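For reference, the structure discussed in these notes is given below.
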Amino acid sequence: VDMSSAGVDHRRAHRARVQLERMTFFSDAIFAIAMTLLVVEVKLPALHHATGPELGQALWALLPNYVGFLVSFLVLGRFWIIHHDVMGLLRAASPRLVMANLLLLLGVAFMPFPTAIISEYVNLRVGIGFYTGWLILLGLLNRHLIRVIARSPELLDDDIGAHEITPLLHRSWIPVMIGVCAFAAGMVTWVAALVVLVVVSPIISIVVGRWAARAGG
1091 VDMSSAGVDH RRAHRARVQL ERMTFFSDAI FAIAMTLLVV EVKLPALHHA
1141 TGPELGQALW ALLPNYVGFL VSFLVLGRFW IIHHDVMGLL RAASPRLVMA
1191 NLLLLLGVAF MPFPTAIISE YVNLRVGIGF YTGWLILLGL LNRHLIRVIA
1241 RSPELLDDDI GAHEITPLLH RSWIPVMIGV CAFAAGMVTW VAALVVLVVV
1291 SPIISIVVGR WAARAGG
């Protein structure tokens, strides 16, 4: 009877692991597609019989597109790294976790559109507000995913303690804080918003990351 019970438990654990891997592979695919589609907004200049200076000017005019692509790629890349780290702590997935993950992927898949908005209308408050607002939403969806895991310690791998989720939960505030700061700066001037997204965001990440490490320790 004990051997039979052990066999059943082993099969259940294997099915749980397979379901988790399916969710992770699907998530990786969505991240990869969304990050690849970002480059679509860096459009080839439509020039006929262009001279070198004209092409140079056209390429320079695409600077907002380059910035939009770079910032969005790094944003999604950061979310993917967090997602990768979090999924590596699990041994199974629950229906609630699957739904929370799907909501995050919805935000990720939509990211090329806000990127197109800020690339074309970076000098307008509405464009900056739409983009940074979506960053805030993405951050909240990511935090919701981690909170679901924190409240479901039975999903964690056998050698992972619930306390190891705490630093991740603290660091999940980073993208939200960056989005809020960029939104506030963008209501003053679009240049300030780009400075926050490109220059200030790494500082916020370092400061909050160190605080999270101390709080988790």
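Residue numbering for the sequence shown follows our numbering, beginning at 1091 and increasing consecutively. Cβ atoms here follow ideal geometry from the backbone N, Cα and C, with glycine treated the same way. This one's a predicted model, so the numbers in the text were calculated from it and none came from an experiment.
Exposure of residue i, with buried meaning 16 or more beta-carbon neighbours within 10 Å
{"i": "M1125", "result": "buried"}
{"i": "N1213", "result": "exposed"}
{"i": "F1203", "result": "exposed"}
{"i": "I1172", "result": "buried"}
{"i": "F1115", "result": "exposed"}
{"i": "E1111", "result": "exposed"}
{"i": "W1224", "result": "buried"}
{"i": "L1187", "result": "buried"}
Sub-7 Å separation of residue i and residue j beta-carbons
{"i": "L1235", "j": "A1182", "result": "no"}
{"i": "A1283", "j": "V1238", "result": "no"}
{"i": "L1128", "j": "T1222", "result": "no"}
{"i": "I1226", "j": "G1269", "result": "yes"}
{"i": "A1302", "j": "R1241", "result": "no"}
{"i": "I1294", "j": "M1267", "result": "yes"}
{"i": "L1194", "j": "L1231", "result": "yes"}
{"i": "I1255", "j": "V1298", "result": "no"}
Residue i: first and last residue of the uninterrupted alpha helix (DSSP H) it sits in
{"i": "T1141", "result": "Segment: none, T1141 is in no alpha helix (DSSP H) and carries neither H nor E."}
{"i": "P1204", "result": "1202-1210"}
{"i": "N1213", "result": "Segment: none, N1213 is in no alpha helix (DSSP H) and carries neither H nor E."}
Same chain, Cβ closer than 7 Å to residue i, five either side skipped, listed in chain order
{"i": "V1091", "result": "Low confidence applies to V1091: its pLDDT is 44, below 50, so where it sits in the model is not reliable enough to give any reading."}
Own chain partners of residue i with C-beta closer than 6 Å, once the 5 adjacent residues on each side are dropped
{"i": "V1288", "result": "none"}
{"i": "G1217", "result": "I1207, I1208, Y1211"}
Contacts around residue i, its chain only, beta-carbon distance under 8 Å, and the 5 residues preceding and following it disregarded
{"i": "R1107", "result": "R1181, A1182"}
{"i": "G1219", "result": "F1273, G1276, M1277"}
{"i": "V1198", "result": "I1120, F1121, A1124, L1166, F1169, L1228"}
Can you give, in chain order, each stretch of the alpha helix (DSSP H) that sits fully within the region 1249-1296 and has at least 4 residues? 1255-1261, 1263-1276, 1280-1285
Alpha helix (DSSP H) segments (min. 4 residues) lying fully within the region 1144-1186: 1153-1177
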